[in-house]
Amino acid sequence: MYEARFRTSSTPSVTVRRCSSDLVVRGAKDGGVVVRTKGSADDLEAKQDDDGILVESRSGCLISCPPASDLTIHTISGNLKMTGIAGLAAVDTVFGNTTLRDVGAAQLTKTMGNLQVWGVKGTLKAQQVQGNVKAQGVSGSLHLAHVAGNLAAAGLGDGMRVDRVQGNVTLGPPFPPGASYCLEASGNLHLHLPLEPNLRLKLHADGGIDSQVPGLELAPTDENDVQATLGRGEASLEATVRGHISLQMAESDEEPDFGWGMAFADDLDGLGVAIESRIAEAMEAVETRLDESLRRVSGDRFRRKVEQAAERAGRAAERAADQVRREAEREAERARMRAERAERRWKRVSGAPEPDVSDEERLRVLRMVEEGKITPAQAADLLAALEGR
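Heads up: the sequence shown begins at -14 in my numbering, then just goes up one per residue.
Written as structure tokens, this is what we have:
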């Protein structure tokens, strides 16, 4: 593991041009910027320009920086985890999963894996997510252009706009007054309403709408289109889905937990880098001790061990070869017996004279039984074949 430290202000800018593996970024109040890589010094390029830090890593990387830092991340070949960053985070391309917790405003261009968000103190925008999206506790608005998987969202303080979701959508409260929610999905929509909803609905579902909300009246406006007003209707939700829409009451007015349980522990983030380094050091120490132990072993003793092992392997190979040879002889004898029997039968059918079986031939058969080449049953078959029976 290699580490680089930089003295900065409390609001530096950190730019990651490329990380060839996983990247973890976390806010730390220690001051300055610390960059750690799982590899050696040759795997990390990190330099400072005024109050900006430029990083490029050819292995897994952990960056600790002041919470108010602004982050610009271009390309991550692995996963991205970010926590405790209050500044603006702009991310171009992540080829793995992206996980954000307790961050400020964030803008994502392309995430090839899943996107998980918990606690965004601003607006979250994502252009393209190839996996699933799970978002909870976004104080600003949530803007998603295209989601190839499913979407689960709750606790959106300033509404949501989703242009396209290829899978299903699960949406939960609260729906604060003045907030607007607009989405389109190819799958189904599961809508969890608060106990005292204050929401205006305009819904279209090719697969129909199922409501389990007591007293809710859905007024049809067109084929597969309905609208309804709950409470004073101070928030609005408009949804168009190819599948069906189900409406149900949430268990409480609190934000529901859809069970994804964000995999973050503030004091554990990025420890994988240090753990792997400690493992490598321990393995190196074990190899050193093993080499020393082998050098202390007598050369003659080691040579005898090798010779004994070779002798055992040679005896085992000879036994296997004898077994294969005996089996081949038995199979050859069985084939000869079948051929002789066929010849006898042909001569009997064709009327050709059959030669008498000599005592010498019978003795030869009995000798084969004694040597273990054929069984008594096979000897009887062979004699029958010789006699033409």
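Virtual Cβ for every residue (Gly too), placed ideally from N, Cα, C.
Expected contact under 8 Å - CB spacing of residue i and residue j to nearest Å
{"i": "GLY107", "j": "GLY122", "result": "Incorrect: roughly 12 Å between the Cβ atoms, too far for contact."}
{"i": "VAL392", "j": "PRO361", "result": "A query on residue 392 cannot be resolved here, the shown segment of the chain reaching from -14 to 374 and no further."}
{"i": "VAL198", "j": "LEU232", "result": "5 Å"}
{"i": "VAL88", "j": "ILE61", "result": "16 Å between Cβ atoms; not a contact."}
{"i": "ASP77", "j": "SER(-2)", "result": "In fact, because the Cβ distance is near 15 Å, the residues do not count as touching under 8 Å."}
{"i": "VAL40", "j": "THR0", "result": "7 Å"}
{"i": "LYS358", "j": "GLU303", "result": "Incorrect: roughly 19 Å between the Cβ atoms, too far for contact."}
{"i": "LEU368", "j": "ARG352", "result": "Not confirmed; about 13 Å, so no contact."}
Nearest-angstrom Cα separation, counted from residue j out to residue i
{"i": "GLY98", "j": "ARG21", "result": "24 Å"}
{"i": "GLN92", "j": "GLY200", "result": "41 Å"}
{"i": "LEU129", "j": "GLY37", "result": "30 Å"}
{"i": "LEU47", "j": "VAL10", "result": "6 Å"}
{"i": "ASP34", "j": "TRP103", "result": "32 Å"}
{"i": "ARG300", "j": "ALA365", "result": "35 Å"}
{"i": "ILE264", "j": "GLU(-12)", "result": "Note that ILE264 scores 48 on pLDDT, short of 50, meaning its location in the model is unreliable and no value can be drawn from it."}
{"i": "ALA53", "j": "GLY63", "result": "25 Å"}
{"i": "LEU176", "j": "LYS23", "result": "44 Å"}
{"i": "ASP27", "j": "SER42", "result": "9 Å"}
{"i": "ARG297", "j": "GLU30", "result": "55 Å"}
{"i": "SER(-5)", "j": "GLU208", "result": "57 Å"}
{"i": "ALA294", "j": "ALA305", "result": "17 Å"}
{"i": "ASP15", "j": "LYS32", "result": "19 Å"}
{"i": "SER6", "j": "MET145", "result": "32 Å"}
{"i": "SER44", "j": "ASP143", "result": "38 Å"}
{"i": "MET(-14)", "j": "ALA138", "result": "38 Å"}
{"i": "ASP252", "j": "PRO51", "result": "For ASP252, the predicted structure reports a pLDDT of 38, less than 50, and the residue's modelled location is therefore unreliable. A value from the coordinates is still provided. Approximately 16 Å, taken between the alpha carbons."}
{"i": "ASP307", "j": "GLN363", "result": "21 Å"}
{"i": "THR94", "j": "PRO162", "result": "30 Å"}
{"i": "VAL19", "j": "GLY193", "result": "55 Å"}
{"i": "ARG381", "j": "GLY81", "result": "The question about residue 381 has no answer here: the residues shown for the chain are numbered -14 through 374."}
{"i": "GLN79", "j": "CYS4", "result": "For the record, residue 79 in the displayed sequence is Val; it is not Gln. Cα to Cα, the separation comes out at about 10 Å."}
{"i": "HIS59", "j": "ARG2", "result": "5 Å"}
{"i": "GLU345", "j": "ARG289", "result": "53 Å"}
Residue j beta carbon less than 8 Å from that of residue i
{"i": "ILE230", "j": "LEU156", "result": "no"}
{"i": "ALA224", "j": "LEU188", "result": "yes"}
{"i": "LEU65", "j": "ALA90", "result": "no"}
{"i": "ARG86", "j": "THR68", "result": "yes"}
{"i": "PRO205", "j": "PRO179", "result": "no"}
{"i": "TYR166", "j": "LEU222", "result": "yes"}
{"i": "LEU186", "j": "ALA164", "result": "no"}
{"i": "THR96", "j": "ALA75", "result": "no"}
{"i": "LEU395", "j": "LEU100", "result": "Since the first and last residues shown for the chain are -14 and 374, residue 395 lies out of range."}
{"i": "GLU169", "j": "ASP148", "result": "yes"}
Sequence-distant residues of its chain with Cβ nearer than 6 Å to residue i (five each side left out)
{"i": "VAL132", "result": "VAL114, VAL118 and VAL150"}
{"i": "PHE160", "result": "LEU184 and ALA220"}
{"i": "ARG227", "result": "SER171 and ASP191"}
{"i": "ALA13", "result": "SER49"}
{"i": "GLY134", "result": "GLY116, ASN117 and GLY152"}
{"i": "LEU8", "result": "CYS46, ILE61 and LEU65"}
{"i": "GLY218", "result": "ARG185"}
{"i": "LEU136", "result": "VAL118, VAL150 and VAL154"}
{"i": "GLU356", "result": "none"}
Contact set for residue i: own chain, Cβ-Cβ below 7 Å, skip 5 residues either direction
{"i": "GLY17", "result": "ARG(-10), PHE(-9), ARG(-8) and THR(-7)"}
Closer than 7 Å: residue i CB and nearest the ligand MN heavy atom
{"i": "ALA26", "result": "With respect to the ligand MN, the structure shown offers nothing to examine, as it has no ligands at all."}
Residues of its chain near residue i, where Cβ-Cβ distance is below 8 Å and the 5 sequence neighbours each way are ignored
{"i": "ASP195", "result": "HIS229, ILE230, SER231 and LEU232"}
{"i": "GLU202", "result": "ALA213"}
{"i": "SER25", "result": "TYR(-13)"}
Along the chain, which unbroken stretches of the beta strand (DSSP E) at least 3 residues long are found entirely within the segment 54 to 84? Every beta strand (DSSP E) of 3 residues or more that sits fully in the segment 54 to 84 is shown, in chain order, as 55 to 61, 65 to 68 and 74 to 79.
For the segment 190 to 222, list the beta strand (DSSP E) runs that are entirely contained and at least 3 residues long, ordered along the chain. As far as the segment 190 to 222 is concerned, its whole beta strand (DSSP E) runs of at least 3 residues are 194 to 196, 204 to 207 and 210 to 215.
Going along the chain, which unbroken runs of the beta strand (DSSP E) with 3 or more residues stay wholly within the segment 8 to 41? For the segment 8 to 41, whole beta strand (DSSP E) runs of length 3 or above, ordered along the chain, are 8 to 12, 18 to 22 and 29 to 34.
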